[in-house]
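Numbering (my numbering), first residue to last: 10 to 268.
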């Protein structure tokens, strides 16, 4: 795969030309059955990160960068309407993880932007043993309005009684990851369902901010806020991050869904 640039070499709103354009070895667009786990000889686990109209500017690139870094070290490519890998179920063959990054605030419109065959393909992929990672909009789309990986709509955390955010502006909020409290980037983040959840993080209200779920033979990891946000996100929104980068606190959840 093409190597990522150092995070210091680009910003959230920059265009990352040439990243993640090389095809996976053995990944085809034919009718081969979906394979959800990498083979012992395939090297790095393969991940597809959605990039398209249902995502926000820079969100796909940041998430892809994080997944490619140590300790995850995944072999990452983009999937989307204008990407090397199209929104077709067959593109998921041989992939360990499908990742849906953050996006806008219109969940039904985002869901409708995906071909119906691909929506069913993602559900089949996870059902058969694949892994899904959804961050912010990606968490909303895991609900019944999207891929149907959890059995209820995923609601928002803003305006919940006792929560400090009441609008759609970007904020820094308190999130407890396991037993560690961190100030984490938040913008219209999801409040995750309790049913079936193995919680990895909570908002200060006690609502679930990050969790693991089972779907068939597969695994679903959902994150409401943005622990993947790097310094450029905070700079772009004139926010101060009091305690630094949060991604390492989300890694145990990603490793859990990949195990």
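Where is the CB? At the ideal position from N, CA and C, for every residue including glycine.
Going by other Cβ atoms of all chains shown within 10 Å of its Cβ, with 16 needed for buried, is residue 228 buried or exposed? buried
State the start and end residues of the unbroken alpha helix (DSSP H) segment that holds residue 125. 125–136
Under three-state DSSP, which class holds residue 251? coil
According to DSSP, which residues form a beta bridge with residue 152? Bridge partners of residue 152: none, in fact.
Between which two residues does the alpha helix (DSSP H) carrying residue 244 extend? 240–245
Would you report the Cα separation of residue 95 and residue 89, rounded to the nearest angstrom? 5 angstroms
Roughly how many whole angstroms lie between the Cα atoms of residue 55 and residue 135? 14 angstroms
In the structure shown, what three-state DSSP assignment does residue 190 receive? strand
For residue 184 versus residue 175, is the C-beta distance shorter than 7 angstroms? no
Do you know how far the Cα of residue 142 is from the Cα of residue 225? 15 angstroms
In three-state terms, what does DSSP make of residue 96? coil
Please classify residue 71: is it buried, with 16 or more other beta-carbons within 10 angstroms of its beta-carbon, or exposed? buried
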